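Numbering (the numbering used here), first residue to last: 396 to 496. Yeah, the Cβ is synthetic: ideal placement off N, Cα and C, and Gly gets one too. Treat the numbers as computed from the prediction; the structure is a model and nothing was measured. Here's the structure, in structure tokens; my notes come after.
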Ligand code: SF4
């Protein structure tokens with residue numbers, strides 16, 4: 396997506412230290428990178444993300460890093476693309492996104 400507004404200007408920067416406290420920190424990465432057939436249903440990652448206290452930091456970082464793959468804060472790549480589009484076009488703001496978590 397090419398819009399005039401950089402994603403870094405509409406999504407806060409939480410740095411990286413929060414990752415070490417994340418419940419997924421020592422989990423196998425494949426829990427968060429399900430096969431296409433899994434479509435983000437019933438994965439261990441999905442369940443862990445559901446109760447994670449760091450979803451906000453996680454989603455912000457995934458959006459800022461423009462993660463093209465994987466599950467972050469219970470969002471699929473398509474979901475994040477939709478959120479990024481809304482943020483960049485100004486049809487939603489960061490408060491709207493946080494209210495969805
Ligand atoms: S929300 Fe992010 S930090 Fe939390 S468990 Fe899921 S992938 Fe890890």
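Check your understanding: Should residue 467 and residue 457 be called a contact, given that it needs their Cβ atoms to be closer than 8 Å?
Key -> yes
Exercise for review: Measure the alpha-carbon distance for residue 405 versus residue 439 and round it to whole angstroms.
Suggested key: 30 Å
Review point. Across which residues does DSSP place residue 470 in a beta bridge pair?
Key: 467
Review point. Any heavy atom of the ligand SF4 closer than 7 Å to the CB of residue 468?
Key: yes
Check your understanding: So what's residue 462 in DSSP terms, helix, strand or just coil?
Key -> coil
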